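**Student:** In my numbering, the protein residues as written are 1 to 169.
Cβ atoms here follow ideal geometry from the backbone N, Cα and C, with glycine treated the same way.
Keep in mind that this is a model prediction, so the values were computed, not measured.
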């Protein structure tokens, strides 16, 4: 991604550095306690984040994928800003499933979520899907419907898919 070119195409007046600083500040100040992964695994929050960035830049042509790709690339940067990593005790997937009344094992849930992702978005990586929060939300809705459990949060579903990708399965 050539962010400078993308910003120019979207008619955004920010330089690359200004834009990345804007993203970092908004995440730190407006989405306190969230990491970049937390944000992209919560489509509603990701959409709100993008809306706020568009409002701040006064650039209505700035699309979600440009904003979220820039943010995710920032996550991978060697000089990633500090303070964006959450310090919390992760809850086991099986515990979360049990609490939500889902009788699947964690392994079965992972398999079903990833199979659905692969079936719906054959040519996309998880990172590409995460940059399109409306489609990520759709994936979560379909999985909830398929499993017959409306209580499963988007963030748990998407984080499960992301973690399988990170583990290299």
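Candidates 132, 128, 52 and 16: which alpha carbon is nearest residue 165's?
**Tutor:** Reading the chain shown from its first residue, position 165 is the one you call residue 165. Comparing Cα-Cα distances from residue 165 to each of 132, 128, 52 and 16, the minimum goes to 128.
**Student:** Less than 8 Å between the CB atoms is what I'm expecting for residue 32 and residue 68, so what's the real figure, rounded?
**Tutor:** For the purposes of this step, residue 32 is taken as residue 32 along the chain shown, with counting starting at 1. For the purposes of this step, residue 68 is taken as residue 68 along the chain shown, with counting starting at 1. At roughly 19 Å, the Cβ-Cβ gap does not stay under 8 Å, so residue 32 and residue 68 are not in contact.
**Student:** Quick check: what's the CA-CA separation for residue 103 versus residue 163?
**Tutor:** Indexing the chain shown from 1 puts residue 103 at position 103. Indexing the chain shown from 1 puts residue 163 at position 163. Going by the C-alpha atoms only, they are around 21 Å apart.
**Student:** Would you identify the three-state DSSP class for residue 125, choosing helix, strand or coil?
**Tutor:** Along the chain shown, read from residue 1 onward, the residue named residue 125 stands at position 125. Reduced to three states, the DSSP call for residue 125 is coil.
**Student:** Ignore the nearest five residues each way along the sequence and tell me which others in residue 18's own chain have a CB closer than 6 Å to its CB.
**Tutor:** Sequence index remark: in the chain shown, residue 18 carries index 18 (1-based). Same-chain partners within the cutoff: there are none.
**Student:** Check whether the Cβ atoms of residue 23 and residue 70 lie closer than 8 Å to each other.
**Tutor:** Here residue 23 refers to the residue found at position 23 of the chain shown. Here residue 70 refers to the residue found at position 70 of the chain shown. Yes, these two residues count as a Cβ contact at 8 Å.
**Student:** Looking only at C-alpha atoms, which of 116, 93 and 114 sits nearest to residue 105?
**Tutor:** As a first step, residue 105 is located in the chain shown; it is residue number 105 there, counting from the start. Of 116, 93 and 114, the residue nearest in Cα terms is 93.
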